[in-house]
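Novice: Chains as they are written, first to last, in my numbering: chain A, 48 to 370; chain B, 48 to 370.
Pasting a structure here, questions to come.
There are 2 protein chains.
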Amino acid sequence: MRVLIIGGGGFLGQKIARALAASGRLNGAPITHVALADLAAPAPVEAPFGVSAHAADIGDAAQARALFEASPDVVFHLAAVVSGQAEAEFDLGMRVNVDGTRNVFEAARALGTSPVVVFTSSCAVYGGEIPEAIEDWTQVNPQTSYGAQKAIGELLCTDYSRKGFIDGRAPRLPTVTIRPGRPNAAASSFMSSIFREPLQGEEAVCPVEEDYALWYASPRATVANLIACAEVDAAALGENRAFALPGRVGTIGEMIEAMRRVAGDDPVRRIRFEPDETIRAIVSGWRPHINPRKALMLGLTADASFEDNVRYFLEDDVRREPA
Amino acid sequence: MRVLIIGGGGFLGQKIARALAASGRLNGAPITHVALADLAAPAPVEAPFGVSAHAADIGDAAQARALFEASPDVVFHLAAVVSGQAEAEFDLGMRVNVDGTRNVFEAARALGTSPVVVFTSSCAVYGGEIPEAIEDWTQVNPQTSYGAQKAIGELLCTDYSRKGFIDGRAPRLPTVTIRPGRPNAAASSFMSSIFREPLQGEEAVCPVEEDYALWYASPRATVANLIACAEVDAAALGENRAFALPGRVGTIGEMIEAMRRVAGDDPVRRIRFEPDETIRAIVSGWRPHINPRKALMLGLTADASFEDNVRYFLEDDVRREPA
Numbered sequence: 048m049r050v051l052i053i054g055g056g057g058f059l060g061q062k063i064a065r066a067l068a069a070s071g072r073l074n075g076a077p078i079t080h081v082a083l084a085d086l087a088a089p090a091p092v093e094a095p096f097g098v099s100a101h102a103a104d105i106g107d108a109a110q111a112r113a114l115f116e117a118s119p120d121v122v123f124h125l126a127a128v129v130s131g132q133a134e135a136e137f138d139l140g141m142r143v144n145v146d147g148t149r150n151v152f153e154a155a156r157a158l159g160t161s162p163v164v165v166f167t168s169s170c171a172v173y174g175g176e177i178p179e180a181i182e183d184w185t186q187v188n189p190q191t192s193y194g195a196q197k198a199i200g201e202l203l204c205t206d207y208s209r210k211g212f213i214d215g216r217a218p219r220l221p222t223v224t225i226r227p228g229r230p231n232a233a234a235s236s237f238m239s240s241i242f243r244e245p246l247q248g249e250e251a252v253c254p255v256e257e258d259y260a261l262w263y264a265s266p267r268a269t270v271a272n273l274i275a276c277a278e279v280d281a282a283a284l285g286e287n288r289a290f291a292l293p294g295r296v297g298t299i300g301e302m303i304e305a306m307r308r309v310a311g312d313d314p315v316r317r318i319r320f321e322p323d324e325t326i327r328a329i330v331s332g333w334r335p336h337i338n339p340r341k342a343l344m345l346g347l348t349a350d351a352s353f354e355d356n357v358r359y360f361l362e363d364d365v366r367r368e369p370a
Numbered sequence: 048m049r050v051l052i053i054g055g056g057g058f059l060g061q062k063i064a065r066a067l068a069a070s071g072r073l074n075g076a077p078i079t080h081v082a083l084a085d086l087a088a089p090a091p092v093e094a095p096f097g098v099s100a101h102a103a104d105i106g107d108a109a110q111a112r113a114l115f116e117a118s119p120d121v122v123f124h125l126a127a128v129v130s131g132q133a134e135a136e137f138d139l140g141m142r143v144n145v146d147g148t149r150n151v152f153e154a155a156r157a158l159g160t161s162p163v164v165v166f167t168s169s170c171a172v173y174g175g176e177i178p179e180a181i182e183d184w185t186q187v188n189p190q191t192s193y194g195a196q197k198a199i200g201e202l203l204c205t206d207y208s209r210k211g212f213i214d215g216r217a218p219r220l221p222t223v224t225i226r227p228g229r230p231n232a233a234a235s236s237f238m239s240s241i242f243r244e245p246l247q248g249e250e251a252v253c254p255v256e257e258d259y260a261l262w263y264a265s266p267r268a269t270v271a272n273l274i275a276c277a278e279v280d281a282a283a284l285g286e287n288r289a290f291a292l293p294g295r296v297g298t299i300g301e302m303i304e305a306m307r308r309v310a311g312d313d314p315v316r317r318i319r320f321e322p323d324e325t326i327r328a329i330v331s332g333w334r335p336h337i338n339p340r341k342a343l344m345l346g347l348t349a350d351a352s353f354e355d356n357v358r359y360f361l362e363d364d365v366r367r368e369p370a
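So this is what it looks like as C-alpha cells:
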C-alpha cells in the first residue's frame, strides 16, 4: 500500500501522515511508503515505513505526473490556493485549483490502476439562492472563486470515477478549527486564530460579529474522516462522489463561551472585534446549516462539542515546554 | 450592436441568425453585424446588416481570441461536442466543452467590456440521486461526461459574471425537438429523428420504449428563449447564472400520438422500435420533471403542445417543392 499526499506540507497533510504512521495500515493493508508533496518539499514524518518528500507545482502537468511515478494506491489531494487568495488572484486560483486538480486526476488516470483519490472539496461550494437547510441533493451555488473551483473539481472527480479512470471521493470539508500554525490567506483564517492565538497568550482579531454561524470540525475529526473516505466502499458512494462531511454548527459567540469553559476568562479577553468588510463579504456567502446524510450513512463522524475542539488543540498542537 | 454566434453552423445558430436578421434588433439596439463561427465557416444568412463567417476551433485559445477581435456586444456560445460523442471520446469532449468554453469566456473577459455571453448548457446536468421534481436549487449531478462538462461551464459562467469579467447567462436547454437536419452523435438524436424522418416519408428507429419521458422544447421556442436570455436584466438573474429553460414533459408514446393527430397514421407506421442499450444508458440518466421557476419569472416560455412542435417543423424546416 503506497500513499501519496499532495499538499503534504500543510497541517492536514502532516496530520494525515502522522496518523498513517501511527496505524501503519490503510484500508486493511500495511503501508509500505508515504510520499509527501507540496510546493516546497514537506517536513519528513517519523514512520515505520519509508517516507519521501517532493517539491512539485501541480499546475504544471509534467510535475504532477512525476509525483505518480511510484504508482500510489491511495492519493490524498489537499493542495489548493485558499479562499481569500483565490478571490484576490483569480488566475492563480484557476491554475492550481482547476488545472492542478485536473492534472492530478489525469496523472492518476494515466496509471491505468484507477487509484483511490481523496480530493478535499469544501462547504464553500454552497451559497446563494438555496434553501436554508442544505441536503446532499442541494445545488452547489458557490459565491466565491474558490468555491467555484472546488465545485469544478467535484464534477471532475465524479465523472473520472464514473468512467473508471480513478476511484475518487470528494468530501466537502467544514471549516477546520482549531487549525494549528499561523494565520493564512483563507478568509476563514480567523475562525482558528481567534482561539489559537488567545490560548497561547497572544491577541487575535475577529472580523465578524459574535452571531456569525459556521459549520466546523476539528482537525482530529477531519483527519479521521479523510482517512475513512479513503477506506469506504466505492459502491456506497452512489452516483455522486461529492458530499458534505459531518460537522457542527455554532456561532462565534457560542464557540468563545466553549473556550471560556475549557480555558477560563483570560483567552477570551485577548479577542478584539474589528469588522472587516472584505472577509465578511466572502464568509457571509457560506452556509452553516448542513445535513450530511450520506457521510453519516458512510459512518463518518462529527465532534461532540467545541469544548472538545479546544481540548484537542491543547493536546495535539500546543508545544509544551520540556518538563 | 455586434453579435457573435459560436456554433453558428449548427441548426440553432443558423435559426438565431435568421431570427436576428428578421428583427434587425437585439435588446433594443439595431444590429450592425453578426459573425457566425464554427469548425467550418458557416453558411451565410440573408440579413439587413453585415454577416461574416469564420472557421475556428475554440479548443485553441488563440483561435477563440481571434473571434473576439471585432469586440462583440453579445455572444451566443452554442458550440459543443454532443453527448454521445463526449461519452465515446472523453478527451475531445474535455477539450471543446471545458477548455473551449473557458477559452471563449477568457476571450470575452480580455475585451474588458463585460459582454453578454449566452452559454447553452443542458438539462443533461441533472441526474443521479436527486429528488424527482427538479427545482432551480436542485443539485446538478450529471451522469454523462457531456453533462459534467456543461455543469463546469455553468460554474465558470456564474463565477466569471460575479467577477464582472462577462455578463453570462447559462440556460439549460431541454431536448430540442423536432430538430431539422440529419441524425447526429447526440444520444438524444432519435428524439428528433423518429418524427423528422417519418414526416418526410423515411423510416426511423426508436431505441427506447414508448414510456420513456423527456423534457423537450421546439426549435422555435428555444431560439426565442435564447434571444430573450441575451436581453434579460443581469440583476434579475440573481446569484446563479444557470437555470433550466421552460419545456414540456412527454413520453415518446404521447409525442407519437400528437404527430398522428397532426399528420395522420402514415408517419407513425414508419417508426421501428429497436432497443439500443448504449443510448438507453445515457438518456435514462436524464430527468424529465423540471420546474423552471426562474426562467418563467424571467418571462421565458414553453410550447403549448407537441402538436405545435410538429406544425413548426412542417412550417419552418420541411423543404416544399416550388409550386
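Glycine is no exception: its CB is placed at the ideal position from the N, C-alpha and C atoms.
1) In the DSSP assignment, find the unbroken alpha helix (DSSP H) run with A:Gly215 in it and report its ends.
2) Thinking C-beta only, is A:Pro245 closer than 7 angstroms to A:Pro322?
3) Select from the segment 125-139 of chain A all residues with a C-beta closer than 8 angstroms to any C-beta belonging to chain B, and list them in chain order.
4) Are there three or more Cβ pairs, one per stretch, closer than 8 angstroms when the segment 178-186 of chain B is compared with the segment 302-314 of chain B?
5) With 7 angstroms set as the bound, which would you pick, yes or no: does the beta-carbon of B:Gly459 sit closer than that to a beta-carbon of chain A?
6) Using a C-beta to C-beta distance shorter than 8 angstroms, which residues of chain B count as neighbours of A:Ala198?
7) May I have the straight-line CA-CA distance separating A:Ala328 from A:Lys197, to the nearest angstrom?
8) If you measure beta-carbon to beta-carbon, which residues of the segment 180-194 of chain A are closer than 9 angstroms to chain B?
9) For B:Trp262, which beta-bridge partners are listed by DSSP?
10) Which residue wins for smallest C-alpha separation from B:Glu201, given the options B:Pro91, B:Asp355, B:Thr148 and B:Arg317?
11) DSSP beta-bridge partners for B:Arg49?
12) Give me the residue from B:Glu153, B:Ala84, B:Ala349 and B:Ile63 with the minimum Cα distance to B:Lys210.
13) Using a Cβ-Cβ distance cut-off of 7 angstroms, determine whether A:Ile177 contacts chain D.
14) So, with DSSP's three-state summary, where would you put A:Leu86?
15) Am I right that B:Arg334 and B:Tyr173 are in contact with their C-beta atoms under 8 angstroms? What's the rounded C-beta distance?
16) Using a Cβ-Cβ cut-off of 7 angstroms (strictly less than) and excluding sequence neighbours within five positions of A:Ala289, which residues of its own chain qualify?
17) How would you write the range of the beta strand (DSSP E) that B:Ile318 sits in, first residue to last?
18) Need the endpoints of the alpha helix (DSSP H) that A:Gly200 sits in, please.
19) Going by C-alpha to C-alpha distance, which of A:Glu257, A:Ser265, A:Ala117 and A:Ala195 sits closest to A:Ile225?
20) Look up B:Gly97 in the DSSP assignment and say whether it is helix, strand or coil.
21) Please compile the residues from chain B whose C-beta is within a distance smaller than 9 angstroms of the C-beta of A:Asp280.
22) Determine the closest residue to A:Phe360 out of A:Ala108, A:Ser239 and A:Asp104, with distance taken between C-alpha atoms.
23) Measure the C-alpha to C-alpha separation of B:Ile78 and B:Gly71 and round it to an integer number of angstroms.
24) Can you name the residues of chain A whose CB is closer than 8 angstroms to the CB of B:Lys210?
25) Would A:Asp206 count as contacting chain B if we go by Cβ distances under 7 angstroms?
26) Could you tell me the alpha carbon to alpha carbon distance between A:Val129 and A:Asn144, rounded to whole angstroms?
27) Which two residues bound the contiguous alpha helix (DSSP H) that contains A:Val172?
28) Between which two residues does the beta strand (DSSP E) containing A:Val252 stretch?
29) Which whole-angstrom value describes the C-beta separation of B:Asp394 and B:Val163, a residue pair presumed to lie in contact below a C-beta threshold of 8 angstroms?
30) Whose C-beta lies closer than 6 angstroms to the C-beta of A:Ile337 among residues of the same chain, with five residues either side of it excluded?
31) In this structure, what does DSSP give as the bridge partners for A:Ala102?
32) Contact between the segment 241-257 of chain B and the segment 274-290 of chain B is defined here as three or more beta-carbon pairs at a separation below 8 angstroms; is this criterion met?
33) Among residues of its own chain, excluding the 5 on either side of B:Gln247, which ones have a beta-carbon nearer than 7 angstroms to its beta-carbon?
34) Helix, strand or coil for A:Arg115, going by three-state DSSP, please let me know.
35) Select from A:Glu324, A:Ile303, A:Leu345 and A:Pro95 the residue whose C-alpha is nearest the C-alpha of A:Glu354.
Specialist: Inspection of the coordinates gives the following:
1) Position 168 of the first sequence holds residue 215 of chain A. Counting along the chain, A:Gly215 falls outside any alpha helix (DSSP H), though it belongs to the beta strand (DSSP E) covering Asp214 to Leu220.
2) Position 275 of the first sequence, counted from the first residue, corresponds to residue 322 of chain A. Position 198 of the first sequence, counted from the first residue, corresponds to residue 245 of chain A. Result no, Cβ atoms of A:Pro322 and A:Pro245 do not sit closer than 7 angstroms.
3) Phe137
4) no
5) Missing from the structure shown is residue 459 of chain B; chain B here goes from 48 to 370 and no further.
6) Taking the first residue of the first sequence as position 1, residue 198 of chain A is located at position 151. What A:Ala198 touches in chain B: Leu202.
7) As a first step, residue 328 of chain A is located in the first sequence; it is residue number 281 there, counting from the start. As a first step, residue 197 of chain A is located in the first sequence; it is residue number 150 there, counting from the start. One C-alpha to the other measures close to 19 angstroms.
8) Glu182, Asp183, Trp184, Thr185, Gln186, Val187, Asn188, Pro189, Gln190, Thr191, Ser192 and Gly194
9) Translated into positions along the second sequence, residue 262 of chain B becomes position 215. B:Val296.
10) Numbered from 1 along the second sequence, position 154 holds the residue referred to as residue 201 of chain B. For the residues B:Pro91, B:Asp355, B:Thr148 and B:Arg317, the minimum Cα distance to B:Glu201 belongs to B:Thr148.
11) Mapped onto the second sequence, residue 49 of chain B falls at position 2. In DSSP, B:Arg49 forms a bridge with B:His80.
12) In the second sequence, residue 210 of chain B corresponds to position 163, counting from 1. The shortest C-alpha separation from B:Lys210 is found at B:Glu153.
13) Absence of chain D from the displayed structure is noted, the protein chains being A and B.
14) Here the question's residue 86 of chain A lines up with position 39 in the first sequence. Three-state DSSP puts A:Leu86 in coil, outside helix and strand.
15) As a working note, residue 334 of chain B is residue 287 in the second sequence. As a working note, residue 173 of chain B is residue 126 in the second sequence. Right, the Cβ-Cβ distance comes to about 4 angstroms (below 8 angstroms), so this counts as a contact.
16) Numbered from its first residue, the first sequence carries residue 289 of chain A at position 242. These residues qualify, in order along the chain: Ser168, Glu201, Cys204, Thr205, Ala217 and Arg219.
17) On the second sequence, position 271 is the one that residue 318 of chain B refers to. Residues Ile318 to Phe320.
18) Taking the first residue of the first sequence as position 1, residue 200 of chain A is located at position 153. Looking at the DSSP string, the run of the alpha helix (DSSP H) that includes A:Gly200 is Ser192 to Arg209.
19) By one-based count along the first sequence, residue 225 of chain A stands at place 178. It is A:Ser265 whose Cα lies nearest to the Cα of A:Ile225.
20) Position 50 of the second sequence holds residue 97 of chain B. Three-state DSSP puts B:Gly97 in a strand.
21) On the first sequence, residue 280 of chain A is found 233 positions in, with the first residue counted as 1. In chain order: nothing, as chain B lies at least about 16 angstroms away.
22) The residue you call residue 360 of chain A lines up with position 313 of the first sequence. Of the listed residues, the one whose Cα sits closest to A:Phe360 is A:Ser239.
23) Translated into positions along the second sequence, residue 78 of chain B becomes position 31. Translated into positions along the second sequence, residue 71 of chain B becomes position 24. Taking the straight line joining both Cα atoms gives about 6 angstroms.
24) In the second sequence, the residue the question calls residue 210 of chain B occupies position 163. Neighbours of B:Lys210 on chain A, chain order: Phe137 and Ser192.
25) Here residue 206 of chain A refers to the residue found at position 159 when the first sequence is read from its first residue. Yes, A:Asp206 counts as interfacial toward chain B.
26) The residue labelled residue 129 of chain A in the question sits at position 82 within the first sequence. The residue labelled residue 144 of chain A in the question sits at position 97 within the first sequence. Distance between the alpha carbons of A:Val129 and A:Asn144 is about 9 angstroms.
27) Counting from 1 along the first sequence, the entry for residue 172 of chain A is found at position 125. Segment: none, A:Val172 is in no alpha helix (DSSP H) and carries neither H nor E.
28) Within the first sequence, the letter at position 205 stands for residue 252 of chain A. Counting along the chain, the beta strand (DSSP E) containing A:Val252 begins and ends at Ala251 to Cys253.
29) In the structure as shown, chain B starts at 48 and stops at 370, and residue 394 of chain B therefore has no counterpart that could be examined.
30) Numbered from 1 along the first sequence, position 290 holds the residue referred to as residue 337 of chain A. Excluding positions up to five away in sequence, the list reads Ile181, Trp262 and Ala291.
31) Taking the first sequence and counting its residues from 1, the one referred to as residue 102 of chain A is at position 55. Paired residue(s): A:Asp85.
32) no
33) Sequence index remark: in the second sequence, residue 247 of chain B carries index 200 (1-based). Excluding positions up to five away in sequence, the list reads Val365.
34) Reading the first sequence from its first residue, position 68 is the one you call residue 115 of chain A. Before going on, a small fix: residue 115 of chain A reads as Phe here, not Arg. A:Phe115 falls in the coil class under three-state DSSP.
35) Counting from 1 along the first sequence, the entry for residue 354 of chain A is found at position 307. Comparing Cα positions, the closest option is A:Ile303.
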